[in-house]
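Asker: Each residue of the sequence shown is one higher than the one before, starting from 1 at the first, in the UniProt record's numbering. Take this structure first; my questions come after.
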Amino acid sequence: MEIWRNIDALEIEDFDELKLGDSGTLFPIRPSFFVPPLEEKPQDPIVRALKLSEINRNLPPRAFNNVRPLPELVAPQEPTEPPSVEEFWRSLVEGEHHNSNRTVSWDRLRETFPQSRTSTAFLSEQEPLVLSAARQHINPKFDDKNVKFVYVTEEEFRQAIRMVVIGTSSTLFKWDHHTDRFVQVGLEPGQVGHVAIDGTDEVISKSLLSRFLSIGTHLRRLEEFIKTLNQSMVKAGPTVHAFAHSLSSTLMYLRTVLVRLASDEIVVPPAASWMKYAVYEEILDALAELYGRPENIGPESYRAFEPSPITIISTIYQHLSSHYERQSPREVVAIFAYILDTTSKEYLHQVGISVGYGGQPIQQLSKVEDRPEDYYPGLDEEDEEEDIFEALEQIQHDFPEFFPKPLLDILPAAQKSLILLKKAQPDHELLSSEESAKKRIRWLWTEDQITAAWSELESSRDSSASRHARQPSPDPERSYPPEFSEFHVYDLEPGIYVGTTALQAVDRTTSALSTFIANFPSQLPAITPTLPHLTFLVFRKLLDHSATLSSTLLSLFLSSSGNLNFRLHLELLRSYLLVTAPGFKTRLTEALFSDAGEYEIDNTAHSMSMRSIRRRPSRRFIKESKQPWAVGISSNLLEREIWPPVSGDLSFFLRTVIVDSLNLGKRWEDEEARKSRHIILEEAIWRIGFAIRDLPVGSGKDKWLNPLYIEALDFLYMDYKPPRPMDILISHDILHKYQRIFAFILRLLRVESALKSVFRIARGTRDPTFQNLPQYRKLFLHFRFIAQSFVASLSSYVFDTAIGGNFDPFLARLSPKPPSESGEASSDFTDVFELAEAHSNLLDDILSACLLRTGQKAVSELMRHSLEIVLEFCVVVGELHRKRMKEYEAAPVIEDLYGRFRGKMGMLTKVLKGLVDKGPSSSKLPIEVQMGENRPTGGAVALYHLLLRLDLGDWWAKGKLEK
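Shown next, in the form of C-alpha cells:
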C-alpha cells in the first residue's frame, strides 16, 4: 500500500506512452508446442519417431511474429530496429554492448540498488539480495513450526563467526552442555534451525558454517576435557599434569591464532577465508581423536581417560607415528610432537633415574632404619635380604611399546643391577658420577639436533647463559661459593637489578609452542628417516648406560678379589653341596656311613662327640641289639636306636667335618691362590652348615624314619648363606636344587658303603656266606658283582659326567676372556640375571642327567628301586652274617631280590635307550671327541653316557644270567 501512496515518487507519468495494443488488450500468449497424450496400446518408439519425422517435413513454414519490446523496457542505447547480422557481429567485436546489462527488474527502483554495470545477466552472479529475493520467490519456504529459518546479513554472520570460531557463544549460536556442541539460539524443543546468509540458501549456509562450528566445538570440548584433567589432578602423577599442560598450551595457541585470523575480513562467498581454517580444523580433529571426543559422538560415548603414564605416552606416540605415515600437515605433526615432548619429559627422566641416568633414585627408609640401633640387638642379615628382595620385586617391568626392543630387554635388569651395585659397592664411581647426574633423555626434532646427537656432540647450549648475561655483575670484591652464587643480587643497590620477579606473571607457553612449530621440520632427515629410527637415537645413550651398568655389576661378581667372587662361591658349592671335595667327602663318609664288616655299637656316653672319640680306649665295648643291622650307616648314629639321631652331639660332629675339611685349604703351596681365597674360606666356616628338615609323615612317606630304607638320611641337608647381594646368583630356588642333588648323593654313598660292608663280610674265610648252599653262593657272588658294578658305574657317572661334565665348562665360561677389538673385556653373559639363569640351568642339566627332574619320574623310580633292591640285598647279607637268619631262609630272599634287580635293570636300560633315541643325543652316537673344546655334557644328552656305562653291549637286554 505504501507504493500506491507514494505513486508520485515513482513518476508514473513517464509510463503514459505505454500501449497495450490497438484494442487495449495484451497480446495473447499461445503455446508454440504440445505433447500429445499416449495411446493405451503398446508403443513402438522407432515407428513413432519415423511418423513424427514425416509429419514435421510436411508442415507448412511458421510465420515469424516479430513482437517489438516495450520502449520503456529498452535501454536507451538499444536500436529501434533489429540490426542485421553483419551489424550485430560488428557491434560485438567493437564492444558496444559488452559492458551493458539488459536485465530490467522492479528491484532496480530501490535507492540501495548498485548502479554499476555488470557483464552478465545471470541471477547467481548478481548482488546477494537480488539472488536471495529470486530464490525466495522461486522456492518459497513452507510455514513449518518445527523448522525455524533465520536470515542474517553478512555483518551479523561475521560477528557470530568471530565468536564461535574461538569456542564462545554468539547471537546466533550458544553452547549446549548436554550435547557438548553449539546450537542455534532461540530454538524451541523439537525445532530444527537453519541459518541463511544474504545471497545464499540454507544448504550453502550450512556448508559454510560447518567448518566454523566444528572448530568451535572442538575448542570447547578440549577446554572441558582440560577442566576434567585439572579436577582429577589431586591423585594424578606428573605425566597427567604434563599432558594437561601441553593440551592447555595448545588450546591457548590455537585460540590466539584463530582470534588473529578472525579479525581479518571474512568474505562471502568465503572461499579464501574458508580455506584458511582448514588446517586448524584438521589439527582439532586429530586432537579430538587423541583424547577420545570426536565431533560425531556425544558425551555418553566419550572414551574413558586412562591416567596411566604408559598408556598416555604410548597413545600420543601412536598418533604421532600415524600422522608421520599419512604425511599430515606440518602443523599437525609439530603439535603432536610438542605434546609428546612435554608429556613424556618427566616420565623419561624417572626411567633414566631408575638406572642411574640423570641422578640416583630416592631411597626410602626401611623399617630397620627407622628404629634405633639398640632396638633390635639380635638383628642379622635376614632383614637386609628382605629389603633387597622387596626392592627388586618393586622394579617396573612395563614400559611403552615404542621403546626400542634392546632397551626393553635390558631396562629391568639394569634397574635391579643398580640396586645390587649400591649394596655391593656403594662407593662405585658409576654411582657418584656428576656427569651422569646432569644427563637427560630428550626428544630430538630439528636436523641440527639429530645430526649432533648422531655424531655424539653436544647440540644444546646452556639455557641459563643468556639469563645470567642480562644480569649485572656482582661485587668483585666479594665472591660466593657456586651453590650460593644467586645471593649476589642482595649486594646490588636498590633499583639496579632489573629482572623477572614473582610479581610479573609472564606466560611464554604460547610463544614457546609457536617457536616449536616454526622450527619444526617438514620431514625427518635422511639419517633418521622414520620415527622408530629417531626413537632409537633418542634412547641410545640410555641403552648404553644400562648396558654399562649391567656389565659393571657382572664384572664385579666375576673378578672381585673379596667375598663377592662368584667363581669361588661356586667352587665351595660344588665341593660341599655336591660332595666333590675329596677331603670333605672322606670325612662326611666317615661321619655318616660305615663299611665295617661287623655290627658293633659303642655304648659309652656321648660316643658321637669328637672329644669322646679321641679319648676312647683301644678296646671297644660292643652292645648286642635286637634291631636289624642298617648296613652302611655309621654305628655312631645307631647307638641310641632312635632314628633320626637328632641331638646336639650329631650337630657338633657334623660341624667338625666342615671345619676340618676347610682347614685343608690353608695348606696350598700357591701363596697367591691362598690369599685370594682366604676371605671366602674364613667366611665359609659359618656360611656352610648342616640342617634338619621336617619331612612329611604318613602312609608311604615315613621311610625316612627307618634306617633300613634308602631315604633314611633325607632329613639331613646342607645349607649355604651367600653374602649380600650374592643371593641373587645363589637364590633359594638354586639352593633347593643343590640340596636335591645332595640328598641323592647321600643315598648313593649309603648304598656304596653298604656294598663295601658286604664285600668285607664275604671276605672272611672262617665263616663264608652260603657255605652249605654252593649254588646260592654262586648267585650271591654274581649278584654282588653286578650290584657293585651298577652302583660304581652310576656313582662315577654322577660325579664325572653329570656334575663334572657340566660344572667344569660353566666355570670355564666365568674365566676372563681376552679383550675385544674395542678394548673392552668380553663375557658370555650380559648381566648378573642372565648369569643367575645360566646357573639355574646348570643345575637343571645336572638334575636331568641324574634323572631327578619331575618329568623323569618314571625312569627315576626305576633307578631308585634298583638302588633299594641293592640296599635290601646288603641288609639280608648283614642279617645272615649276624646269624639272625639261616641260610635256607636267606637263599630264597636273595634269589627273589636277584630276579627283581634283573627285571628293574632290564627295564631301566630299555627306557634309557628309548630316551636316548628320541632325544637330541641320538645324533651324537658314537660320542664325538673334539679336541680343544670343553663342552658341557648337558642334561638329557648325558644319558647316553649313563647307558654306555650300564649296558655297553646290550648285556642287560640280551644276556641271560645263570644261577
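Ideal Cβ positions, reconstructed from N, Cα and C, are used throughout, including at glycine. In this text, all values refer to a predicted model and were calculated from it rather than measured experimentally.
Report, in whole angstroms, the separation of the C-beta atoms of Leu811 and Leu570, which I expect to be a contact under 8 Å.
Answerer: Counted from its first residue, the sequence shown places residue 811 at position 811. Counted from its first residue, the sequence shown places residue 570 at position 570. The Cβ separation is near 6 Å, so the contact holds.
Asker: On the premise that Leu418 lies in contact with Gly356, defined as a C-beta separation below 8 Å, what is that separation, rounded to the nearest angstrom?
Answerer: Translated into positions along the sequence shown, residue 356 becomes position 356. Translated into positions along the sequence shown, residue 418 becomes position 418. Yes, Gly356 and Leu418 are in contact; Cβ-Cβ is about 5 Å, under 8 Å.
Asker: For His533 and Leu558, what's the separation of their Cα atoms in angstroms?
Answerer: Residue numbering aside, residue 533 sits at position 533 when the sequence shown is read from its first letter. Residue numbering aside, residue 558 sits at position 558 when the sequence shown is read from its first letter. So the two alpha carbons sit approximately 35 Å from each other.
Asker: Cα-Cα, which of Ala838, Val876, Cys850 is closest to Ile730?
Answerer: Translated into positions along the sequence shown, residue 730 becomes position 730. Here the closest residue by C-alpha is Ala838.
Asker: DSSP on Val185, reduced to helix/strand/coil?
Answerer: Indexing the sequence shown from 1 puts residue 185 at position 185. Note: Val185 maps to coil in three-state DSSP.
Asker: Among the residues of its own chain, which have a CB less than 6 Å from the CB of Ala890, if the five just before and after it don't count?
Answerer: Within the sequence shown, the letter at position 890 stands for residue 890. Same-chain partners within the cutoff: Val876, Leu880.
Asker: If you measure between the beta carbons of Phe389 and Ile310, is that distance less than 8 Å?
Answerer: Numbered from 1 along the sequence shown, position 389 holds the residue referred to as residue 389. Numbered from 1 along the sequence shown, position 310 holds the residue referred to as residue 310. Cβ atoms of Phe389 and Ile310: not closer than 8 Å.
Asker: Is DSSP giving Leu407 helix, strand or coil here?
Answerer: The residue you call residue 407 lines up with position 407 of the sequence shown. Three-state result, Leu407: helix.
Asker: Residue ranges of each alpha helix (DSSP H) run of no fewer than 4 residues wholly in the stretch 273-344, ordered along the chain?
Answerer: Complete alpha helix (DSSP H) runs here, min 4: 278-291, 309-326.
Asker: Using the three-state DSSP reduction, which class does Ile688 fall into: helix, strand or coil?
Answerer: In the sequence shown, counting from the first residue as 1, residue 688 sits at position 688. Three-state result, Ile688: strand.
Asker: Is the stretch 777-794 in contact with the stretch 740-747, if contact means three or more CB pairs nearer than 8 Å?
Answerer: With a cut-off of 8 Å, the stretch 740-747 and the stretch 777-794 do not count as touching, because too few Cβ pairs lie within range.
Asker: Would you call the CB atoms of Leu843 and Ile734 closer than 8 Å?
Answerer: Position 843 of the sequence shown, counting from 1, holds the residue named residue 843. Position 734 of the sequence shown, counting from 1, holds the residue named residue 734. In contact: Leu843 and Ile734 (Cβ atoms closer than 8 Å).
Asker: Given a cut-off of 8 Å, decide if Ile353 and Ala580 are closer than it, judged by their beta-carbon atoms.
Answerer: Counting from one through the sequence shown, the residue named residue 580 turns up at place 580. Counting from one through the sequence shown, the residue named residue 353 turns up at place 353. Checking the displayed sequence, the identity of residue 580 turns out to be Thr instead of Ala. No; because the gap between Cβ atoms is not below 8 Å, this pair is not in contact.
Asker: Can we say the stretch 293-303 touches the stretch 324-334, given the rule of at least three CB pairs closer than 8 Å?
Answerer: Judged by Cβ distances under 8 Å, the stretch 293-303 makes no contact with the stretch 324-334, as fewer than three pairs qualify.
Asker: Can you tell me whether Lys883 is buried or exposed, with buried defined as 16 or more other CB within 10 angstroms of its CB?
Answerer: The count along the sequence shown starts at 1 and reaches residue 883 at position 883. Counting Cβ neighbours within 10 Å, Lys883 comes out exposed, since fewer than 16 surround it.
Asker: What is the DSSP secondary structure of Lys918, counted as helix, strand or coil?
Answerer: The residue you call residue 918 lines up with position 918 of the sequence shown. Three-state DSSP puts Lys918 in a helix.
Asker: Quick one: Cα of His678 to Cα of His782, how far?
Answerer: Reading the sequence shown from its first residue, position 678 is the one you call residue 678. Reading the sequence shown from its first residue, position 782 is the one you call residue 782. If you take the alpha carbons of His678 and His782, they lie about 50 Å apart.
Asker: DSSP puts Ala196 in a beta bridge; with which residues?
Answerer: Taking the first residue of the sequence shown as position 1, residue 196 is located at position 196. Bridge partners of Ala196: Tyr151.
Asker: Which residues in the same chain have their Cβ closer than 8 Å to the Cβ of Glu224, if we skip the five residues on either side of it in sequence?
Answerer: As a working note, residue 224 is residue 224 in the sequence shown. The residues are Asp180.
Asker: Could you check the C-alpha separation between Leu20 and Pro60 for me, to the nearest Å?
Answerer: As a first step, residue 20 is located in the sequence shown; it is residue number 20 there, counting from the start. As a first step, residue 60 is located in the sequence shown; it is residue number 60 there, counting from the start. Any reading at Leu20 needs caution, since the residue's pLDDT is 49, under 50, leaving its predicted position unreliable; the model's value is listed next. Going from the Cα of Leu20 to the Cα of Pro60 covers about 30 Å.
Asker: Where does the unbroken alpha helix (DSSP H) through Lys174 begin, and where does it stop?
Answerer: In the sequence shown, counting from the first residue as 1, residue 174 sits at position 174. From DSSP, Lys174 is part of no alpha helix (DSSP H) but of the beta strand (DSSP E) over 173-176.
Asker: So, at 6 Å on beta carbons, what are the nonlocal neighbours of Arg440 in its own chain, with the 5 sequence-adjacent residues on each side left out?
Answerer: Mapped onto the sequence shown, residue 440 falls at position 440. Hits under 6 Å: Gly358.
Asker: In the DSSP assignment, what residue or residues form a beta bridge with Ile894?
Answerer: Within the sequence shown, the letter at position 894 stands for residue 894. DSSP lists no partner for Ile894.
Asker: Between Ile692, Lys886, Ile728, which has its C-alpha nearest Leu773's C-alpha?
Answerer: In the sequence shown, counting from the first residue as 1, residue 773 sits at position 773. When each option's Cα is compared against that of Leu773, the closest is Lys886.
Asker: Based on Cα-Cα distance, which residue from Phe653, Ser634, Glu682, Glu289 lies nearest to Asn563?
Answerer: For the purposes of this step, residue 563 is taken as residue 563 along the sequence shown, with counting starting at 1. It is Glu682 whose Cα lies nearest to the Cα of Asn563.
Asker: I need the boundaries of the beta strand (DSSP E) containing Tyr717, first residue and last residue.
Answerer: In the sequence shown, residue 717 corresponds to position 717, counting from 1. 716-720 is the span of the beta strand (DSSP E), which, as asked, contains Tyr717.
Asker: Mind checking who Phe593 pairs with in its DSSP beta bridge?
Answerer: Here residue 593 corresponds to residue number 593 of the sequence shown, with the count starting at 1. According to DSSP, Phe593 bridges with Ile633.
Asker: Would you identify the three-state DSSP class for Tyr776, choosing helix, strand or coil?
Answerer: For the purposes of this step, residue 776 is identified with residue 776 of the sequence shown, where counting begins at 1. Helix, per DSSP.
Asker: Taking the alpha-carbon positions, what's the Trp668 to Leu572 distance?
Answerer: Translated into positions along the sequence shown, residue 668 becomes position 668. Translated into positions along the sequence shown, residue 572 becomes position 572. Confidence at Trp668 is low in this model, with a pLDDT of 46, below 50, so its placement is unreliable and the value that follows should be read with caution. The alpha-carbon atoms of Trp668 and Leu572 are separated by roughly 16 Å.
Asker: Under 8 Å, do Pro725 and Asn806 count as touching if we go by C-beta distance?
Answerer: Here residue 725 refers to the residue found at position 725 of the sequence shown. Here residue 806 refers to the residue found at position 806 of the sequence shown. Contact: no.
Asker: Tell me which residue opens and which closes the alpha helix (DSSP H) that Leu947 is part of.
Answerer: Here residue 947 refers to the residue found at position 947 when the sequence shown is read from its first residue. Start and end: 943-950.
Asker: By the three-class DSSP mapping on this structure, what secondary structure does Leu851 have?
Answerer: Working through the sequence shown from its first residue, we reach residue 851 at position 851. Residue state, collapsed to three classes: coil.
Asker: Which value, in whole angstroms, describes the spacing of the CA atoms of Ala547 and Val832?
Answerer: The residue you call residue 547 lines up with position 547 of the sequence shown. The residue you call residue 832 lines up with position 832 of the sequence shown. The straight-line gap from Cα to Cα measures roughly 12 Å.
Asker: His137 to Arg293, Cα distance in whole Å?
Answerer: The residue labelled residue 137 in the question sits at position 137 within the sequence shown. The residue labelled residue 293 in the question sits at position 293 within the sequence shown. In a straight line, the C-alpha of His137 is about 43 Å away from that of Arg293.
Asker: Alpha helix (DSSP H) containing Trp443: first to last residue?
Answerer: Here the question's residue 443 lines up with position 443 in the sequence shown. First-last for Trp443: undefined, no H or E at that position.
Asker: Please determine, among Leu254, Ile680, Val659, the residue with the shortest C-alpha to C-alpha distance to Ala512.
Answerer: Here residue 512 refers to the residue found at position 512 when the sequence shown is read from its first residue. Of the listed residues, the one whose Cα sits closest to Ala512 is Leu254.
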